[in-house]
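Enquirer:
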Amino acid sequence: MHCGRRSIGQARRLDARRETIVRVSERARLSLELPVAPGAVRRRWMPLLAAGLSIGEYARSLVRRLAFLSALLLAAIWALDGQGYFWPAWAWLGLGVLVLIDLGAAWAWRHPPGAVRRVACVWTVVGVAAVILVCTWLLTWLLAGARSFWPTWALLGLATAGSSYSLIALHDRVLVAHGKRALRARIDMLTHTRRQAVDAQAAELRRIERDLHDGAQARLVALTLQLGRAELRCNDQPEVRGLILDAQREAHHAIAELRDLARGIVPPLLADRGLEAAVQSLAARYGLGTSIEAQSRRELVPAVERAAYFVIAEALTNTAKHACAEHSWVQLKDEHHVLAVVVGDDGCGGADPQGSGLAGLRARVEALDGSLRVHSAAGAGTVLEARLPCA
Amino acid sequence: MRVVIAEDLALLRAGLVALLRENQIEVVAQVEDGPALLRAIAGHKPDLAIVDVRLPPTYSDEGLLAAIEARRRQPELGVLVLSQYVETAYASELIGGDTAGIGYLLKERVGDVRAFLDALHSVAAGGTVLDRQVVSELLAPRGGKREALSGLTARERDVLALMAEGRSNTAIAENLTVTPGAVEKHITNIFAKLDLPACDDDHRRVLAVLAYLRVAH
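These protein sequence lines are chains G and U, in that order.
Residue numbers for the first sequence follow the numbering used here, beginning at 1 and rising by one.
Residue numbers for the second sequence follow the numbering used here, beginning at 392 and rising by one.
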């Protein structure tokens, strides 16, 4: 408490001093009295500097005030001196240039050190010189009548010099920035075309699956039907009947193989009923007592849906084959522009993340700009997490 | 028996029609899509509809949805759904609350002509026929909450699977090369183990099939 009171007291004293200073400087400005002795200034202003004002800032404000006061003073002298030719305009130009240099230097110093700050300094100089030229022309024109605009060439020269210097000094940076822009554009284009390729591939696979279904599979089914009808008619010819039954068995194998192929391309339930229904069917097929938590209500593009499905299918297959798990779970979550797919079990863990199954899944997920993580410490179950962007 | 066929592939449709006509089954209408199926059923009042799951225009599950709708409008209609794939999810959707007069078979089962015709008659008579692939998926040994079927022996599971396919006791006996008496003994054991109420045999068969689907979903 004591300490706090003391600091409050100190702050009050500091405020009081600052008010005094402001009052003093105000009075100085009004009475056109200027603080003169440097030693005195230093002594009087030190407390204020301690409160946060730097010497540079104080000096700059002093320069501005001096300039303002001098301008007024010169105008007053001109008025008292019987007027005539308005010579204080030249003094005003000089004082204005002083202030301009101050402002320009402060602006230039705001840039990071190095080439950029040097270029800013050069442009400050060019700017000040241009202002001097233009104002000089303006004053001679106003005070002594119209002339041609003679500073044209000088201004052009200044601009050329400034630009050349900037170009040389910032040459590398311009190149780097240009390179970065080109690189970004290329990444954008590659991302876009890769997405297109993946989508086109998904559409093509769907078409192949349909063709298999409506073409080869249907013809084989019709074939088995015809063979069945033929078989009915040769009950009395066991040899022929045997041949027909063999042919029918082959046709059945072909149909089964085609079905497995088509199911591997686009699982029918996924195409018809969406991800959640397909995952439920998978879980039922493996009979792992899998709990499914689907928080995602997002419309998924076919490629993302397929990737999510195959991640879950592979994970559940591994769980059923290797994990000796009692429980497993599947979560589908929306996270901004990402579909998070988490599949876990409480089995024996120790899955090899570099194994061929998981490597294949990783490739599938990464083709969609996604990521796949596997946590499978021995004895601690396995959790597989895929994150699939769906922007 | 009067039958409506909904199948978009002409080759298969023609084969089916020829097969049914050869076996004294009357085909009253052949259609290619779901709405036409519903119109045909309303117009002809058939005993049975044979429906392909994938029909135009979407080629996804329009046939299945049309079959469910047809059953809703006409509950006594037998429906045999044919599909290139069998999914237990589709089977339970199709059956809903009532197993009577429902069949769900892989398309290629039409090649086994005798069993296919048996299945048609069974479904038209109010029986239940599930594809053996659905049945084996439902009966596969699993972990989790499948205790209801875990008390069955391997042979009892075989018998139950064949029952679910709509086979008669004699057909089951032939298939497993045992005597019909042995089959009956197995069936009695299955009913006892699944704790099914005592009533007529056909109804208990249906209940046994329902027991599959209950443990599956």
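All C-beta atoms, glycine included, are put in the ideal place defined by N, C-alpha and C.
Answer yes or no: do Ala583 of chain U and Met392 of chain U have a C-beta to C-beta separation smaller than 8 angstroms?
Expert: Start at 1 with the first residue of the second sequence, and residue 583 of chain U comes out as number 192. Start at 1 with the first residue of the second sequence, and residue 392 of chain U comes out as number 1. Not in contact: Ala583 of chain U and Met392 of chain U (Cβ atoms no closer than 8 angstroms).
Enquirer: Using only CA atoms, which one of G:Leu288, G:Ala203, G:His252, G:Leu223 lies nearest to Ala303 of chain G?
Expert: Position 303 of the first sequence, counted from the first residue, corresponds to residue 303 of chain G. Nearest of G:Leu288, G:Ala203, G:His252, G:Leu223 to Ala303 of chain G, Cα basis: G:Ala203.
Enquirer: Whole angstroms are fine: how far does the CA of Gly228 of chain G sit from the CA of Asp236 of chain G?
Expert: The residue labelled residue 236 of chain G in the question sits at position 236 within the first sequence. The residue labelled residue 228 of chain G in the question sits at position 228 within the first sequence. Using only the alpha carbons, I get a separation of about 15 angstroms.
Enquirer: Looking at the strands, I want to know which residues DSSP matches up with Ser281 of chain G.
Expert: Sequence index remark: in the first sequence, residue 281 of chain G carries index 281 (1-based). DSSP, once it has assigned bridges, lists no residue as partnering Ser281 of chain G.
Enquirer: Taking only three categories from DSSP, how would you classify Val395 of chain U?
Expert: Sequence index remark: in the second sequence, residue 395 of chain U carries index 4 (1-based). It is a strand residue.
Enquirer: Under the rule that 16 or more other beta-carbon atoms within 10 Å means buried, what is Gly502 of chain U, buried or exposed?
Expert: Within the second sequence, numbered from 1, the residue matching residue 502 of chain U stands at position 111. It is buried - the Cβ of Gly502 of chain U has at least 16 other Cβ atoms within 10 Å.
Enquirer: Quick one: list the residues of chain G neighbouring Tyr450 of chain U, beta-carbon separation under 7 angstroms, in chain order.
Expert: Numbered from 1 along the second sequence, position 59 holds the residue referred to as residue 450 of chain U. Under the 7 angstroms cutoff, chain G gives Arg210.
Enquirer: Determine the DSSP secondary structure at His111 of chain G, reduced to helix, strand or coil.
Expert: Here residue 111 of chain G refers to the residue found at position 111 of the first sequence. Coil.
Enquirer: Can you tell me where the beta strand (DSSP E) holding Glu575 of chain U begins and where it ends?
Expert: The residue you call residue 575 of chain U lines up with position 184 of the second sequence. Counting along the chain, Glu575 of chain U falls outside any beta strand (DSSP E), though it belongs to the alpha helix (DSSP H) covering 571 to 584.
Enquirer: In angstroms, rounded to a whole number, what distance separates the CA positions of Glu547 of chain U and Gln201 of chain G?
Expert: As a first step, residue 547 of chain U is located in the second sequence; it is residue number 156 there, counting from the start. As a first step, residue 201 of chain G is located in the first sequence; it is residue number 201 there, counting from the start. Cα to Cα, Glu547 of chain U sits roughly 47 angstroms from Gln201 of chain G.
Enquirer: I'd like the list of long-range same chain contacts for Glu293 of chain G, defined as Cβ closer than 8 angstroms, with 5 residues on each side in sequence excluded.
Expert: Reading the first sequence from its first residue, position 293 is the one you call residue 293 of chain G. Trp329, Val330, Gln331, Leu332.
Enquirer: Whose C-beta lies closer than 8 angstroms to the C-beta of Ala510 of chain U among residues of the same chain, with five residues either side of it excluded?
Expert: Reading the second sequence from its first residue, position 119 is the one you call residue 510 of chain U. Closer than 8 angstroms at Cβ, skipping near neighbours: Leu471, Gly494, Leu496, Arg500, Val520, Glu556, Gly557.
Enquirer: Name the DSSP beta bridge partners of Gly344 of chain G, please?
Expert: Residue numbering aside, residue 344 of chain G sits at position 344 when the first sequence is read from its first letter. Looking at the DSSP assignment, Gly344 of chain G forms a beta bridge with G:Trp329, G:Val383.
Enquirer: For the segment 496 to 519 of chain U, which residues have a beta carbon sitting closer than 7 angstroms to at least one beta carbon of chain G?
Expert: Listed in sequence order: Lys498, Glu499, Val501, Gly502, Asp503, Val504.
Enquirer: At least one CB of chain G closer than 8 angstroms to the CB of Gly406 of chain U: is that the case?
Expert: For the purposes of this step, residue 406 of chain U is identified with residue 15 of the second sequence, where counting begins at 1. It does: the Cβ of Gly406 of chain U has a partner Cβ on chain G nearer than 8 angstroms.
Enquirer: For Asp272 of chain G, which residues in chain U fall below 8 angstroms Cβ to Cβ?
Expert: Within the first sequence, the letter at position 272 stands for residue 272 of chain G. Near Asp272 of chain G (Cβ distances below 8 angstroms), the residues of chain U are Ser451, Asp452.
Enquirer: Which bits of chain G does Arg523 of chain U rub up against, with CB to CB less than 8 angstroms?
Expert: As a working mapping, residue 523 of chain U is identified with position 132 in the second sequence. Within 8 angstroms Cβ-Cβ: nothing; Arg523 of chain U doesn't reach chain G, min ~13 angstroms.
Enquirer: Residue ranges of each alpha helix (DSSP H) run of no fewer than 4 residues wholly in the segment 433 to 471 of chain U, ordered along the chain?
Expert: List check, alpha helix (DSSP H) in window: 453 to 464.
Enquirer: Taking a Cβ distance cut-off of 8 angstroms, strictly less, list which residues of the segment 421 to 447 of chain U are near chain G, in chain order.
Expert: Correct list: Arg445.
Enquirer: Flag this pair as touching only if the segment 364 to 384 of chain G and the segment 417 to 427 of chain U have three or more C-beta atom pairs under 8 angstroms; answer yes or no.
Expert: Too few Cβ pairs lie closer than 8 angstroms, so no.
Enquirer: From the DSSP output, read off the bridge partner residues of Tyr495 of chain U.
Expert: For this step, residue 495 of chain U is matched to residue 104 along the second sequence. Note: Tyr495 of chain U sits in a beta bridge opposite U:Val472, U:Leu521.
Enquirer: Nearest CA to the CA of Val338 of chain G: which residue from G:Val365, G:Arg233, G:Gly82, G:Gly104?
Expert: To locate residue 338 of chain G, count along the first sequence from 1; it is residue 338. Among G:Val365, G:Arg233, G:Gly82, G:Gly104, the Cα nearest to that of Val338 of chain G belongs to G:Val365.
Enquirer: Can you name the start and end residues of the alpha helix (DSSP H) that Ile244 of chain G belongs to?
Expert: For the purposes of this step, residue 244 of chain G is identified with residue 244 of the first sequence, where counting begins at 1. First-last of the alpha helix (DSSP H) with Ile244 of chain G: 238 to 265.
Enquirer: For Asp214 of chain G, go through chain U and note every residue whose CB falls closer than 9 angstroms to its CB, in chain order.
Expert: Looking up residue 214 of chain G in the first sequence gives position 214. Within 9 angstroms Cβ-Cβ: Asp399, Leu400, Arg445, Tyr450.
Enquirer: Is any non-hydrogen atom of the ligand MN found closer than 7 angstroms to the C-beta of Glu314 of chain G, if you look at the structure I gave you?
Expert: This structure lacks the ligand MN, and indeed carries no ligand of any kind.
Enquirer: Compare the beta carbon distance of Val266 of chain G and Ile312 of chain G with 8 angstroms and say whether it is the shorter of the two.
Expert: As a working mapping, residue 266 of chain G is identified with position 266 in the first sequence. As a working mapping, residue 312 of chain G is identified with position 312 in the first sequence. Not closer than 8 angstroms, so no.
Enquirer: Using a Cβ cut-off of 9 angstroms, pull out every chain G residue sitting near Thr490 of chain U, in sequence order please.
Expert: As a working note, residue 490 of chain U is residue 99 in the second sequence. Per Cβ cutoff of 9 angstroms: no residues; Thr490 of chain U is ~19 angstroms from chain G at best.
Enquirer: Can you find the residues in the same chain that come closer than 6 angstroms, C-beta to C-beta, to Pro88 of chain G, ignoring five residues on each side of it along the sequence?
Expert: As a working note, residue 88 of chain G is residue 88 in the first sequence. Result list for Pro88 of chain G: Leu74, Ala75, Trp78, in chain order.
Enquirer: Using a Cβ cut-off of 9 angstroms, which residues of the segment 557 to 568 of chain U contact any Cβ in chain G, in chain order?
Expert: Correct list: empty, as no residue qualifies.
Enquirer: Anyone know if the C-beta pair for Ile255 of chain G and Val221 of chain G falls short of 8 angstroms?
Expert: For the purposes of this step, residue 255 of chain G is taken as the residue at position 255 of the first sequence. For the purposes of this step, residue 221 of chain G is taken as the residue at position 221 of the first sequence. Going by C-beta atoms, Ile255 of chain G is nearer than 8 angstroms to Val221 of chain G.
Enquirer: I need the straight-line Cα distance from Phe86 of chain G to Leu143 of chain G, nearest angstrom please.
Expert: The residue labelled residue 86 of chain G in the question sits at position 86 within the first sequence. The residue labelled residue 143 of chain G in the question sits at position 143 within the first sequence. The straight-line gap from Cα to Cα measures roughly 8 angstroms.
Enquirer: Go through its chain and collect everything with a Cβ distance to Ile459 of chain U's Cβ below 8 angstroms, but skip five positions before and after it.
Expert: Within the second sequence, numbered from 1, the residue matching residue 459 of chain U stands at position 68. If we look at Ile459 of chain U and ignore the five residues flanking it on each side, its Cβ neighbours are Glu484, Leu485, Gly487.
Enquirer: Roughly how many whole angstroms lie between the Cα atoms of Val550 of chain U and Arg285 of chain G?
Expert: The sequence position of residue 550 of chain U within the second sequence is 159, counting from 1. The sequence position of residue 285 of chain G within the first sequence is 285, counting from 1. So the two alpha carbons sit approximately 21 angstroms from each other.
Enquirer: By Cβ distance, which residues of its chain are closer than 7 angstroms to Asp443 of chain U, with the 5 residues on each side in sequence left out?
Expert: As a first step, residue 443 of chain U must be located in the second sequence, where it is residue number 52. The answer, listed in chain order, is Ala397, Glu398, Asp399, Gly454, Leu473.
Enquirer: Give me the subset of the segment 455 to 489 of chain U whose CB atoms are less than 7 angstroms from a CB atom of chain G, sorted by chain position.
Expert: Result list: Gln475, Tyr476, Glu478, Thr479, Ala480.
Enquirer: Could you tell me whether the segment 348 to 358 of chain G touches the segment 313 to 323 of chain G, where touching means 3 or more Cβ pairs closer than 8 angstroms?
Expert: As far as the Cβ criterion goes, the segment 348 to 358 of chain G touches the segment 313 to 323 of chain G, which means the pair count is three or higher.
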